[in-house]
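Q:
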Amino acid sequence: MAATGGWTGVGARSILDTILGGGILYVGLATVQVTATDTLATITEVTTAGYARQAVTWGAGAGDAPAVIANSGLLTFDFDPAADPPSTQYAFLTDAASGTVGDIVYRWSANAAVDGGADEDYQIAIGALQVSVETTEVVV
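The sequence shown lines up with residues 411 to 550 when you count with this note's numbering.
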């Protein structure tokens with residue numbers, strides 16, 4: 411028997427709140443687009459002196475079509491003053507604070523690359539990182 415179904419707005423928001431609100435997750439930067447099959451061992455992550463993945467906090471899920479959750483705090487990637495960070499427009503969400511062991515949970519591509527100079531930090535504004543769950547009907 412085939413049936414049509416889909417998440418309600420409440421269900422979609424609950425998914426986001428449960429997955430992203432359940433533990434500490436980190437945002438990292440990559441210089442090459444992160445794909446759905448990439449791992450922390452295969453991505454091209456920024457390695458500039460002073461770089462570190464940043465713990466992210468999330469607001470509550472909102473909306474219905476789609477349900478969306480966004481970062482609730484400013485993220486600052488603070489490079490060493492003499493460092494010249496590379497151009498990047500890719501970010502990823504992981505359960506690992508550092509290293510190549512852990513999972514990539516989500517990935518983003520910014521509309522434009524950020525190209526900093528020496529003594530420049532990168533920032534991701536509040537609400538700039540969004541994760542969504544569609545409430546579209548699907549056949550199961």
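Glycine residues also receive a C-beta, built at the ideal position from the N, C-alpha and C atoms. Quick caveat, the model's predicted, so the values are computed rather than measured.
Please identify the residue among A535, A472 and A451 whose C-alpha is closest to the C-alpha of A506.
A: Locating residue 506 in the sequence shown gives position 96, counting from the first residue. Checked all of A535, A472 and A451; the closest Cα to A506 is A451.
Q: What's the C-alpha gap between D490 and Y461?
A: Taking the first residue of the sequence shown as 1, we reach residue 490 at position 80. Taking the first residue of the sequence shown as 1, we reach residue 461 at position 51. Cα to Cα, the separation comes out at about 8 Å.
Q: Who are the near neighbours of V543 in its chain, counting only those whose CB is closer than 7 Å to its CB and skipping five residues on each side?
A: Within the sequence shown, residue 543 is the residue found at index 133, counting from 1. Only W417, A422, I425, L426, P476 and A477 meet the Cβ criterion.
Q: Alpha carbon to alpha carbon, how far is I434 from T498? Give it in angstroms, no decimals.
A: By one-based count along the sequence shown, residue 498 stands at place 88. By one-based count along the sequence shown, residue 434 stands at place 24. For T498 and I434, the distance between alpha carbons rounds to 24 Å.
Q: Can you grab the Cα-Cα spacing for the pair V524 / T428, in whole Å?
A: The residue given as residue 524 occupies position 114 in the sequence shown. The residue given as residue 428 occupies position 18 in the sequence shown. Rounded to the nearest angstrom, the two C-alpha atoms are 31 Å apart.
Q: Have a look at R463, S508 and Y516 and flag the residue whose alpha-carbon is nearest the alpha-carbon of Q533.
A: The sequence position of residue 533 within the sequence shown is 123, counting from 1. Among R463, S508 and Y516, the Cα nearest to that of Q533 belongs to R463.
Q: Quick check on V541: buried or exposed, where buried means 16 or more other Cβ atoms within 10 Å of its Cβ?
A: Within the sequence shown, numbered from 1, the residue matching residue 541 stands at position 131. V541 comes out buried.
Q: Could you check whether S482 and T467 sit closer than 8 Å to each other, using their CB atoms as the reference points?
A: Residue numbering aside, residue 467 sits at position 57 when the sequence shown is read from its first letter. Residue numbering aside, residue 482 sits at position 72 when the sequence shown is read from its first letter. Their beta carbons are under 8 Å apart, which means T467 touches S482 by this criterion.
Q: Where V515 and D488 are concerned, what is the direct C-alpha to C-alpha distance, given to the nearest angstrom?
A: Reading the sequence shown from its first residue, position 105 is the one you call residue 515. Reading the sequence shown from its first residue, position 78 is the one you call residue 488. Straight-line Cα distance between these residues: approximately 23 Å.
Q: Quick one: what does DSSP say A422 is sitting in, helix, strand or coil?
A: As a first step, residue 422 is located in the sequence shown; it is residue number 12 there, counting from the start. In this structure, A422 counts as helix in the three-state DSSP scheme.
Q: Looking at C-alpha atoms only, which residue of E530, T449 and L539 is the closest neighbour of A521?
A: As a working mapping, residue 521 is identified with position 111 in the sequence shown. Note that residue 521 corresponds to Asn in the displayed sequence, not to Ala. Of E530, T449 and L539, the residue nearest in Cα terms is L539.
Q: Pick out whichever of L430, T445, A440 and I453 has its Cα sitting closest to the Cα of V511.
A: One-based indexing of the sequence shown puts residue 511 at position 101. Comparing Cα positions, the closest option is I453.
Q: Do P496 and T445 count as a contact pair if the criterion is CB distance below 8 Å?
A: Here the question's residue 445 lines up with position 35 in the sequence shown. Here the question's residue 496 lines up with position 86 in the sequence shown. No, these two residues do not count as a Cβ contact at 8 Å.
Q: Locate the beta strand (DSSP E) running through F502, then write down its first and last residues.
A: By 1-based counting over the sequence shown, the position of residue 502 is 92. From DSSP, the beta strand (DSSP E) with F502 extends over T498 to T504.
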